[in-house]
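A.B. asks:
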Amino acid sequence: MRIVFALLMLTMVSATGLAQTRYFTKTGKIIFYSKSPMENIEAVNNKVVSIWDITSGQIEFSVLMKGFEFQKALMQEHFNENYVESDKYPKAVFKGIIENSSALDLTADRSATVKVNGNLTIHGETRPVNTTAVITVKNKVISAATSFIISLADYKISIPSLVADKISKKITITVNISDYKLVVKK
Amino acid sequence: MVNQLRLSKGNILVIAILILLGAGIYFYKEFNRKAADVSNVEPAASLTAIVLVDSYESNEASANKLYLGKTIQVTGAIAEINNQQDTLVNVFIGDDNSMHKVSCLLDNYYLASVRNFSVGQQITIRGVCTGYLMDVEMNRCVIIEKK
Numbered sequence: 049m050r051i052v053f054a055l056l057m058l059t060m061v062s063a064t065g066l067a068q069t070r071y072f073t074k075t076g077k078i079i080f081y082s083k084s085p086m087e088n089i090e091a092v093n094n095k096v097v098s099i100w101d102i103t104s105g106q107i108e109f110s111v112l113m114k115g116f117e118f119q120k121a122l123m124q125e126h127f128n129e130n131y132v133e134s135d136k137y138p139k140a141v142f143k144g145i146i147e148n149s150s151a152l153d154l155t156a157d158r159s160a161t162v163k164v165n166g167n168l169t170i171h172g173e174t175r176p177v178n179t180t181a182v183i184t185v186k187n188k189v190i191s192a193a194t195s196f197i198i199s200l201a202d203y204k205i206s207i208p209s210l211v212a213d214k215i216s217k218k219i220t221i222t223v224n225i226s227d228y229k230l231v232v233k234k
Numbered sequence: 552m553v554n555q556l557r558l559s560k561g562n563i564l565v566i567a568i569l570i571l572l573g574a575g576i577y578f579y580k581e582f583n584r585k586a587a588d589v590s591n592v593e594p595a596a597s598l599t600a601i602v603l604v605d606s607y608e609s610n611e612a613s614a615n616k617l618y619l620g621k622t623i624q625v626t627g628a629i630a631e632i633n634n635q636q637d638t639l640v641n642v643f644i645g646d647d648n649s650m651h652k653v654s655c656l657l658d659n660y661y662l663a664s665v666r667n668f669s670v671g672q673q674i675t676i677r678g679v680c681t682g683y684l685m686d687v688e689m690n691r692c693v694i695i696e697k698k
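Chains as they are written, first to last, in the numbering used here: chain A, 49 to 234; chain B, 552 to 698.
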């Protein structure tokens, strides 16, 4: 993700002048879950890139749509080819702000609930997402977790009528960042 | 001839049942099909990690046209091994001086073998290219060769 990279470069270049603290990960996890009477569908992506500027509260996530792994190959193919059209829209991106981020004390073991507001882009469509997240510090490891529900129609993802009753129109998205690393200032 | 004709109704029924059963088995298998093990998939391209990263860095859209969603085989030096409790192992290969590498998430079957890996070793990995974030990402990777 070029934007993430640009941000990272900016951090490194401007680090001397500005007192900014940024955390970064390449191994975040996003799970999406669709529950319906016929069948539950779950897919996992273990390569979420995220950068969080504690000072300004800005937070970003990027994920590759083709990186979602399903239990069944057929579902994965339908997901990529028919629903999210991952050849055309290979990435999903969230850009937002964590409220009162700079007030968070991440030096001691603790757990805090924060408000996150931002915009999520999937399938080329951008919609606002407002949710809460839990930031946890344990043995100096910073982790973050959130979960929210999106509607497929909002992102113009259409489900063929043949299977429309098998697939839920609401999808639960769970984000788990197990290890935010401090960006080393060079 | 008469005999065959007399049996035909029953035959048709049997054949119809067989066809339905066959179709049923086919759809059931198709529906439950797991993702293919890429060690049995002929790679669409074989190249070095440096060439792959360069092509993504210079033009992501055209690199996607060549590699996105395809099984490819990449050779390079191991730059980093990220092992999360032996359940998810990511091997980064490519130029140590570049910020961008090829990030290979290993297929479960290969998790144990990663203990013998060390940074700097030359390795050839086959996997499915899922695109470009910070690194060129590959999933369901298998080890083809290690020197």
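By construction, the Cβ of each residue, glycine as well, lies at the ideal position given by its N, Cα and C atoms.
Start and end of the beta strand (DSSP E) containing S77 of chain A?
C.D. replies: Correcting the residue identity first, residue 77 of chain A is Lys in this sequence and not Ser. 70 to 82 is the extent of the beta strand (DSSP E) around K77 of chain A.
A.B. asks: With a threshold of 8 Å, are at least 3 pairs of Cβ atoms found where one atom belongs to the stretch 668 to 686 of chain B and the other to the stretch 80 to 92 of chain A?
C.D. replies: Output reads no: the stretch 80 to 92 of chain A does not touch the stretch 668 to 686 of chain B.
A.B. asks: Under the rule that 16 or more other beta-carbon atoms within 10 Å means buried, what is S150 of chain A, buried or exposed?
C.D. replies: It counts as exposed.
A.B. asks: Which residue marks the beginning of the beta strand (DSSP E) containing Y618 of chain B, and which one marks its end?
C.D. replies: Run containing Y618 of chain B: none in the beta strand (DSSP E); it sits in the alpha helix (DSSP H), 611 to 618.
A.B. asks: Can you say whether R158 of chain A is buried or exposed, counting buried as having 16 or more other CB atoms within 10 angstroms of its CB?
C.D. replies: Exposed is the call here.
A.B. asks: Can you tell me where the alpha helix (DSSP H) with E129 of chain A in it begins and where it stops?
C.D. replies: Taken as a continuous stretch (DSSP letters only), E129 of chain A belongs to no alpha helix (DSSP H), as it is neither H nor E.
A.B. asks: Quick one: does L112 of chain A have its CB under 8 Å from some CB of chain C?
C.D. replies: The chain inventory of the structure shown lacks chain C, comprising the protein chains A and B.
A.B. asks: Quick one, which of A:I170, A:K218, A:S206, A:K229 has its alpha-carbon nearest S82 of chain A's?
C.D. replies: Selected option, being the one with the closest Cα: A:K218.
A.B. asks: How about S664 of chain B and Q624 of chain B: do their beta carbons lie closer than 8 Å?
C.D. replies: Not a contact, by the Cβ cut-off of 8 Å.
A.B. asks: Name the chain B residues that come within less than 7 Å of G115 of chain A, Cβ to Cβ?
C.D. replies: Result: T681, E688, N690.
A.B. asks: On the DSSP bridge list, what partners appear for G627 of chain B?
C.D. replies: Bridge partners of G627 of chain B: B:I674.
A.B. asks: Along the stretch 600 to 628 of chain B, where does the CB come closer than 8 Å to a CB of chain A? Name the residues.
C.D. replies: Of all residues in the stretch 600 to 628 of chain B, E611, N615, L619, G620 have a Cβ within less than 8 Å of some Cβ in chain A.
A.B. asks: Under a three-way DSSP split, which group does A192 of chain A fall into?
C.D. replies: In this structure, A192 of chain A counts as strand in the three-state DSSP scheme.
A.B. asks: Decide if Y660 of chain B is buried, meaning its Cβ has at least 16 other Cβ atoms within 10 Å, or exposed.
C.D. replies: The residue in question, Y660 of chain B, is exposed, as its Cβ has fewer than 16 Cβ neighbours within 10 Å.
A.B. asks: Using alpha carbons as the reference points, say which of B:N583, B:D605, B:A567, B:K580 lies closest to S649 of chain B.
C.D. replies: Checked all of B:N583, B:D605, B:A567, B:K580; the closest Cα to S649 of chain B is B:D605.
A.B. asks: Can you tell me whether N34 of chain A is buried or exposed, with buried defined as 16 or more other CB within 10 angstroms of its CB?
C.D. replies: Since the displayed chain A opens at 49 and closes at 234, residue 34 of chain A lies outside it and no answer follows.
A.B. asks: Taking DSSP as the reference, what is the three-state secondary structure of E147 of chain A?
C.D. replies: E147 of chain A: coil per DSSP, three-state reduction.
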